[in-house]
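Positions in the sequence shown are counted from 1; adding 147 to them yields my numbering. Note that beta-carbon positions come from the ideal geometry of N, C-alpha and C, so glycine has one too. Report on one structure; see the data block that follows.
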Amino acid sequence: MAVFADGALFWLYSVVVFSQFKPSEPFLVDFLVDVKGFTNHAVYQGMFPLFTYARFPLLFVTGVLSELDMAGQGVLFLGALCGFATVLLTWFGTSLLPQQIAQITVAANFASRFAVNAVVFQLAPSDTVQQHIHTMKAALLLSNAGSAILGEILRDQMKASFWVLYLMSAIATGLAFLCSIFLLNSKLQTSAPRRSTHPASDAFFDLVKIFKLPVVAWCTVWAMSVNPAHGVALTYWQNLLKDNFDVKDYNGYMLGASYLAAAGVVAVSRRSVLLRTSTAALVILSLLAMGLTLMGLPLCHNEFVFYIMLVATQCIFELSTTVFSFQVGNEVCKAVTDQDGPKETRLALLFCLTGVISGAVASLVQHVHPIAERFTFVAIALLVLAGVLSAFSCVRHLYCHFLPRVHRPAHDPFLVPATDMMPVTRRG
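In structure tokens form, the structure reads like this:
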């Protein structure tokens with residue numbers, strides 16, 4: 148297949164697919180309570196919060212490591228190792244300490260994923276980057292979907308034990324670790340990175356220039372608002388469902404269906420020319436769509452409609468994330484060819500910092516109670532922001548149309564140029 152024409156890309160796809168294939172994941176709480184003997188309080192108060200606490204510092208660590216490992220394979224190698232360790236610690240750990248360590252290792256594995264798109268920009272030919280970004284995301288989602296559905300079938304239909312599910316998860320994450328070794332050893336087809344005598348200051352000034360880029364500015368605003376909103380939906384939809392309906396637990400099937408639908412949408416759009424440009428319009432439309440679906444979830448009186456809106460939320464988020472990841476990477480790669488632009492792309496560091504900013508915003512949302520009001524709050528926030536950005540975009544359009552060009556600022560964040568697609572240069 149053309150997708151696997153490059154050996155390094157093959158190993159990258161393999162790492163992504165195997166690292167996400169964990170049939171045991173939908174039953175983590177059941178396993179810890181019913182098999183390991185922990186109480187619900189110990190799980191939710193003594194284990195899970197460690198993931199939240201560890202995630203943000205580990206995102207910083209991932210960004211720093213990506214600067215030391217310009218190719219990014221080393222970050223993915225460490226992430227795959229932590230993913231494998233997480234399954235083993237959860238499976239064989241009999242006391243609280245191994246389970247707490249597992250929350251830290253899974254946070255490290257989560258943080259390493261921010262390097263995936265940066266590695267794609269390094270490895271893929273410039274004319275196929277968009278296709279690989281979309282295909283990589285679709286592969287990740289299909290792996291999540293397949294493992295969730297398989298886990299439900301094994302548990303509900305075949306009455307398989309938790310040990311079977313964890314054996315399968317261990318084999319898959321072990322294969323991901325093995326593939327990451329091959330990825331680490333593969334030859335990277337890029338130009339040699341520049342050697343800097345002041346790496347910290349160069350990285351800082353590069354990031355300042357990068358965040359001033361119009362596409363990056365728009366997408367950062369999007370990430371700061373939509374990522375926390377999606378986190379609310381993905382974390383608390385089950386609580387909301389149980390509060391509104393008396394239903395049987397089909398979490399694995401539901402998660403599988405949402406991932407499957409999102410994978411289809413992302414894969415179908417991998418060659419879309421429209422999604423390469425029009426950043427401002429796409430950001431506003433995404434905010435509106437996410438706001439409306441999240442607003443509808445707590446108002447649903449029909450279980451089927453609830454599931455449809457949840458799947459729609461997942462599709463909107465995953466497609467938007469994929470599109471904006473490509474647009475940001477493309478804009479930054481274009482900027483490094485400018486004499487006044489950043490010296491290096493620093494995409495992994497950029498994506499990690501965006502994740503930290505989004506996480507900080509998400510922590511504020513946790514103070515809104517009860518769950519239904521939390522959904523409503525984030526929905527209203529998204530709709531208001533969409534309105535503000537729409538008004539801002541209209542003002543900018545009038546400003547650019549009527550103000551003489553000689554009076555315009557040379558570098559204006561949020562002012563997306565009419566032509567924002569140029570050949571991608573793989574640097575940094």
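- The three-state secondary structure of residue 488, taken from DSSP, is coil.
- In the pairwise beta carbon analysis, the region 460-472 is classified as touching the region 366-380: at least three pairs are separated by under 8 Å.
- Taken in chain order, the complete alpha helix (DSSP H) segments of 4 or more residues contained in the region 296-359 are 309-332 and 346-358.
- Contact annotation: the region 518-537 touches the region 423-432, with at least three C-beta pairs closer than 8 Å.
- Only exposed fits residue 196, as fewer than 16 other CB atoms lie within 10 angstroms of its CB.
- In the three-state reduction of the DSSP assignment, residue 447 falls in the coil class.
- In the same chain as residue 421, and ignoring 5 residues on each side of it, no C-beta atom comes closer than 8 Å to its own.
- In its chain, beyond the 5 residues on either side, 203, 206 and 207 have a beta carbon closer than 7 Å to the beta carbon of residue 503.
- Within the model, the alpha-carbon separation for residue 501 versus residue 306 is close to 42 Å.
- Per the coordinates, the alpha-carbon of residue 512 lies some 9 Å from the alpha-carbon of residue 376.
- Taking a C-beta distance under 8 Å as the contact criterion, residue 408 and residue 462 qualify as a contact pair.
- Going by beta carbons, residue 444 and residue 457 fall inside the 8 Å limit.
- DSSP places residue 170 outside both helix and strand once states are collapsed to three, so it counts as coil.
- Under the three-state reduction of DSSP output, residue 283 falls in the helix class.
- Rounded to whole angstroms, the Cβ separation of residue 226 and residue 256 is 5 Å, and the two are in contact under 8 Å.
- Cβ neighbours of residue 372 within its own chain (closer than 8 Å, five residues either side excluded): 434, 508, 528, 529 and 532.
- The three-state secondary structure of residue 271, taken from DSSP, is coil.
- For the set 258, 222 and 437, the Cα lying nearest the Cα of residue 200 is the one of 258.
- Around the beta carbon of residue 262, 16 or more other beta carbons sit within 10 angstroms, so the residue counts as buried.
- Straight through space, the alpha carbons of residue 231 and residue 313 are spaced by roughly 11 Å.
- DSSP places residue 493 in the coil class of the three-state scheme, outside both helix and strand.
- For residue 473, the three-state secondary structure derived from DSSP is helix.
- Per DSSP, residue 418 lies in no alpha helix (DSSP H) segment and is marked neither H nor E.
- Counting only residues of its own chain and dropping the five nearest sequence neighbours on each side, residue 240 has a CB closer than 7 Å to the CB of 246 and 249.
- Separation of the CB atoms of residue 403 and residue 295 is rounded to 4 Å, and the pair is thereby assigned contact status at 8 Å.
- For the set 274, 323 and 311, the Cα lying nearest the Cα of residue 260 is the one of 323.
- Collapsing the DSSP output to three states places residue 517 in coil.
- Residue 181 sits exposed, since fewer than 16 C-beta atoms from the chains shown fall within 10 Å of its C-beta.
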